[in-house]
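In the numbering used here, the protein residues as written are 68 to 265.
For every residue, glycine included, the Cβ atom is placed at its ideal position computed from N, Cα and C.
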Amino acid sequence: MGRQDETLDFYEKNAESFTSGTVLADMNDARSRFLSRLPFPARILDFGCGSGRDTKAFLEAGYAVDAVDGSPKLCALASEYTGIPVRQMLFEELAAENTYDGIWACASILHLPKEELRQVLKKISAALKPGGTLYTSFKYGTFEGVRGGRYFTYFTEETLADFWEEIQELMSPETWITQDVRPGREKEEWLNLLAGRR
68 MGRQDETLDF YEKNAESFTS GTVLADMNDA RSRFLSRLPF PARILDFGCG SGRDTKAFLE
128 AGYAVDAVDG SPKLCALASE YTGIPVRQML FEELAAENTY DGIWACASIL HLPKEELRQV
188 LKKISAALKP GGTLYTSFKY GTFEGVRGGR YFTYFTEETL ADFWEEIQEL MSPETWITQD
248 VRPGREKEEW LNLLAGRR
């Protein structure tokens with residue numbers, strides 16, 4: 068089983084518990100920072116939407132949202148929660164061009180190894196309208212590999228800056244660190260970033 072298959076298999080087997088553990092997490096601050104960079108109304112792609120928590124918040128705020136996830140079970144649960152169809156799609160299958168004002172990839176593309184991540188970030192840039200904005204988040208640290216049945220790529224400010232030098236399609240990101248908002252996970256830190264398309 069490959070890294071991607073292993074990660075997707077984890078979400079298929081744990082879709083209900085993952086959804087219940089994340090659907091109420093408070094992401095208001097990150098969503099507000101993201102939305103402050105977008106026009107209104109804007110078209111948003113929730114790229115790896117998981118439970119559908121953020122899709123629902125964007126919809127309720129009046130935005131047009133497309134939501135995708137790699138796990139069929141998570142797609143079904145998110146569709147039920149948000150009231151919109153959630154499409155099953157792998158990150159590397161993103162083929163849209165000049166379509167979105169914003170792409171929200173909250174704790175999702177961190178499951179890609181760095182070489183695959185570079186290619187997906189190029190696809191994200193192509194899918195954004197000129198001047199569009201990406202939000203994404205990574206676990207904070209230097210770990211790369213499988214942990215708890217899923218593949219993770221962690222970043223620090225320094226390793227992200229080095230990595231980002233190769234991402235010519237997106238501007239240098241604004242970054243900030245947050246504590247995990249899930250109960251009992253407060254000691255875990257996340258590196259959040261916002262980056263505009265060049």
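Would you report the Cα separation of residue i and residue j, rounded to the nearest angstrom?
| i | j | result |
| --- | --- | --- |
| G129 | L161 | 24 Å |
| E164 | L258 | 27 Å |
| L112 | D133 | 5 Å |
| E255 | Y221 | 12 Å |
| I176 | A109 | 22 Å |
| Y167 | E127 | 18 Å |
| G119 | G215 | 22 Å |
| G208 | A262 | 20 Å |
| E211 | T226 | 12 Å |
| K206 | F107 | 30 Å |
| D229 | L188 | 15 Å |
| V90 | L141 | 12 Å |
| S239 | L157 | 26 Å |
| H178 | E73 | 11 Å |
| A131 | I151 | 11 Å |
Over what stretch of residues does the beta strand (DSSP E) that includes residue i continue unbroken?
| i | result |
| --- | --- |
| R104 | It is not in any beta strand (DSSP E) - R104 carries neither H nor E in the DSSP assignment. |
| F219 | 217-220 |
| G212 | 211-214 |
| Q155 | 153-155 |
| A281 | No answer is possible for residue 281: the residues shown for the chain start at 68 and end at 265. |
Tell me the DSSP secondary structure of residue i in three-state form.
| i | result |
| --- | --- |
| R60 | Outside the displayed span of the chain (68 to 265) sits residue 60, for which this structure offers no information. |
| K254 | coil |
| G169 | strand |
| I176 | helix |
| D93 | coil |
| A163 | coil |
| M68 | With a pLDDT of only 46 at M68, under the threshold of 50, the placement of this residue in the model should not be trusted, and no figure is reported. |
| R264 | strand |
| G88 | helix |
Got a sec, what are the start and stop residues for the alpha helix (DSSP H) residue i sits in?
| i | result |
| --- | --- |
| V187 | 181-194 |
| D229 | 224-231 |
| E241 | Per DSSP, E241 belongs to no alpha helix (DSSP H); it is in the beta strand (DSSP E), 241-246. |
| A145 | 139-149 |
Please classify residue i as buried or exposed, where buried requires at least 16 neighbouring CB atoms within 10 angstroms.
| i | result |
| --- | --- |
| D136 | buried |
| F125 | buried |
| G169 | buried |
| K181 | exposed |
| S192 | buried |
| G115 | buried |
| G199 | buried |
| V153 | buried |
| R265 | exposed |
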